[in-house]
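Asker:
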Amino acid sequence: MTLRPDIEKTIGFALHHSSYLFKTGMKNIFLKNGLDITPEEMIILFLIKEEGSDQGTLVTKSLKDKTNITRLLTRMETKSLIIRQTHTENNRQQIVFLTTKGEEVRTTALPLMQQMIKRTTQGISVEDMETTRTTLNKISQNIK
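Each number in the numbering used here comes from the position in the sequence shown (counting from 1) with 2 added on.
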């Protein structure tokens with residue numbers, strides 16, 4: 003007889019479950035407030051710097067592969083949240099900029115995100131939050 007771990011008691015399941023619930027909660031808050039944006043798109047809006055960000059940097063910082071970033075940016079461009087321009091010194095490189103609409107969405111979404119973070123961390127001490135952050139960082143380092 004093979005022993006199987008109780009998947010629901012693993013750290014991987016807990017991480018997946020929390021991440022799923024958080025993303026779903028964010029998506030619902032955005033929809034309720036009239037924002038046509040996904041949590042993944044919101045992350046990109048916050049990663050883009052004022053002077054623009056190259057697509058490679060967005061791949062690295064968002065932990066997504068090139069294909070997924072390209073697809074995500076295309077969708078965001080269709081929604082008029084961003085524009086892509088060819089780099090002046092390297093024709094193979096794309097620089098991504100926020101549009102006025104992208105900046106407005108980011109500004110509108112920030113308090114909604116803060117509200118969700120406050121809701122999800124209520125009843126958790128600052129010390130517990132710091133321990134959780136430290137542990138998650140260690141898990142990430144172990145995986146790399």
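Here a beta-carbon is modelled for each residue, glycine too, at the ideal position from N, C-alpha and C.
All of these numbers come straight from a predicted model, not from anything done at the bench.
1. Select from V61, G14 and D130 the residue whose C-alpha is nearest the C-alpha of Q95.
2. Which runs of the alpha helix (DSSP H) at least 4 residues long sit entirely within the stretch 94–133? Give them in chain order.
3. To the nearest angstrom, report how far apart Y22 and L75 are at their CA atoms.
4. Name the one or two DSSP bridge partners that T88 has.
5. Whole angstroms are fine: how far does the CA of L65 sit from the CA of N144?
6. Does S82 come out as helix, strand or coil in the three-state DSSP assignment?
7. Of all the options K25, Q57 and G54, which has the alpha carbon lying nearest to the alpha carbon of M44?
8. Keeping to the same chain, check which residues put their C-beta closer than 7 Å to that of G27; ignore five residues upstream and five downstream.
9. For T101 and F15, I'd like the C-alpha separation in whole angstroms.
10. By Cβ distance, which residues of its chain are closer than 8 Å to D56, with the 5 residues on each side in sequence left out?
Answerer: Judging by the given coordinates:
1. Counting from 1 along the sequence shown, the entry for residue 95 is found at position 93. It is V61.
2. Runs found: 102–123.
3. By 1-based counting over the sequence shown, the position of residue 22 is 20. By 1-based counting over the sequence shown, the position of residue 75 is 73. Going from the Cα of Y22 to the Cα of L75 covers about 22 Å.
4. Taking the first residue of the sequence shown as position 1, residue 88 is located at position 86. DSSP, once it has assigned bridges, lists Q96 as partnering T88.
5. Start at 1 with the first residue of the sequence shown, and residue 144 comes out as number 142. Start at 1 with the first residue of the sequence shown, and residue 65 comes out as number 63. So the alpha carbons of these two residues sit roughly 16 Å apart.
6. If you number the sequence shown from 1, residue 82 lands on position 80. The answer is coil: DSSP assigns S82 none of H, G, I, E or B.
7. One-based indexing of the sequence shown puts residue 44 at position 42. With distances taken between Cα atoms, M44 lies closest to K25.
8. For the purposes of this step, residue 27 is taken as residue 25 along the sequence shown, with counting starting at 1. Only M118 meet the Cβ criterion.
9. On the sequence shown, residue 101 is found 99 positions in, with the first residue counted as 1. On the sequence shown, residue 15 is found 13 positions in, with the first residue counted as 1. Spanning the alpha carbons of T101 and F15 requires a straight line of approximately 38 Å.
10. In the sequence shown, residue 56 corresponds to position 54, counting from 1. Cβ-Cβ distances below 8 Å link D56 to H89, Q95, Q96, I97 and V98 in the same chain, with the five nearest sequence neighbours on each side left out; the list follows chain order.
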